[in-house]
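Engineer:
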Amino acid sequence: MGVITWRRQLSVGQPSIDEDHKHLIEYLNELNAALNSRSFMPVRVAKILMKLLEYTQQHFAREEKIMQAVHYPKFEEHVRQHHEAVRTLSELSAVFTRDPTHQNAERIYTFTANWLVHHIIMQDTQLTPYVRGVWV
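Residues in the sequence shown are numbered consecutively from 1, following UniProt numbering.
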């Protein structure tokens with residue numbers, strides 16, 4: 001997939017959500033750089049994955065708190081998608097932990113990059129009319 005660049009279409013219009021998304025993209029770009037470096041270093045990838053997993057869970061908690069505060073009507077479905085993403089990412093990370101190959105790291109990157117961009121564009125932007133200008 002390559003480097004992901006923040007663009008206006010990814011903005012939800014709520015500062016903390018947009019900042020979280022920018023940080024997640026930074027972590028994905030770090031992972032992409034690690035995968036494309038001359039020598040594959042599983043320890044470097046593992047450190048990035050830990051940051052990515054931790055930050056993803058923190059972001060989801062913040063985003064869900066905001067959705068609750070604005071009474072977002074699709075809250076339960078959105079949370080379900082978050083749980084599925086965390087479950088899949090955890091499973092892929094467990095596979096990488098057992099077998100820290102370049103291929104297994106690429107699977108994590110591909111899933112996460114595709115899921116994040118698709119989720120922001122197709123799901124999170126639906127939050128915009130509810131959260132624009134809300135500071136939580």
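C-beta: ideal position from N, C-alpha, C; glycine also. Note that the structure is a prediction, hence the values are computed from the model and not measured.
1. Can you tell which of 27, 62, 59 has its C-alpha closest to the C-alpha of residue 46?
2. May I have the straight-line CA-CA distance separating residue 33 from residue 130, to the nearest angstrom?
3. CB residue 17 to CB residue 54, shorter than 7 Å?
4. With a CB to CB cut of under 7 Å and the five nearest residues on each side skipped, what residues in its chain are close to residue 117?
5. Excluding five sequence neighbours on each side, which residues of the same chain lie with their C-beta closer than 7 Å to the C-beta of residue 105?
6. Tell me whether residue 74 sits in a helix, a strand or coil according to DSSP, three-state version.
7. Taking only runs of the alpha helix (DSSP H) that begin and end inside the stretch 57-135, which ones reach a length of at least 4 residues, in chain order?
8. Taking buried to mean at least 16 other C-beta atoms within 10 Å of its own C-beta, is residue 9 buried or exposed?
9. Does DSSP put residue 4 in a helix, in a strand, or in coil?
10. Can you tell me the Cβ-Cβ gap for residue 125 and residue 43, rounded? I've got them flagged as a contact below 8 Å.
11. Pull up the CB-CB distance for residue 24 and residue 59, whole angstroms please, since I reckon it's below 8 Å.
12. Exposed or buried, what is residue 82 when buried is set at 16 or more other beta-carbons lying within 10 Å of its beta-carbon?
13. Which term fits residue 99, buried or exposed, when burial requires 16 or more other beta carbons within 10 angstroms of its beta carbon?
14. So, residue 108 versus residue 21, is the Cβ gap smaller than 7 Å?
Structural biologist: Taking the coordinates as given:
1. On the sequence shown, position 46 is the one that residue 46 refers to. Ranking the options by Cα distance to residue 46, first place goes to 27.
2. In the sequence shown, the residue the question calls residue 33 occupies position 33. In the sequence shown, the residue the question calls residue 130 occupies position 130. Cα to Cα, the separation comes out at about 35 Å.
3. In the sequence shown, the residue the question calls residue 17 occupies position 17. In the sequence shown, the residue the question calls residue 54 occupies position 54. In this structure, residue 54 does not lie closer than 7 Å to residue 17 by Cβ.
4. Stepping through the sequence shown from its first residue, residue 117 is reached at position 117. Correct list, in chain order: 4.
5. To locate residue 105, count along the sequence shown from 1; it is residue 105. Cβ within range, chain order: 35, 45, 96.
6. What you label residue 74 is simply residue 74 of the sequence shown in a count that begins at 1. Correct three-state label for residue 74: coil.
7. 75-98, 102-122, 128-131
8. Reading the sequence shown from its first residue, position 9 is the one you call residue 9. It counts as exposed.
9. The residue labelled residue 4 in the question sits at position 4 within the sequence shown. Of the three classes helix, strand and coil, the one that applies to residue 4 here is coil, per DSSP.
10. Position 125 of the sequence shown holds residue 125. Position 43 of the sequence shown holds residue 43. The Cβ separation is near 36 Å, so there is no contact.
11. The count along the sequence shown starts at 1 and reaches residue 24 at position 24. The count along the sequence shown starts at 1 and reaches residue 59 at position 59. With a Cβ gap of about 6 Å, residue 24 and residue 59 count as contacting.
12. Here residue 82 corresponds to residue number 82 of the sequence shown, with the count starting at 1. Counting Cβ neighbours within 10 Å, residue 82 comes out buried, since at least 16 surround it.
13. Residue mapping note: residue 99 aligns to position 99 of the sequence shown, counting from 1. Classification for residue 99: exposed.
14. Against the sequence shown, residue 108 aligns to sequence position 108. Against the sequence shown, residue 21 aligns to sequence position 21. Their beta carbons are not under 7 Å apart, which means residue 108 does not touch residue 21 by this criterion.
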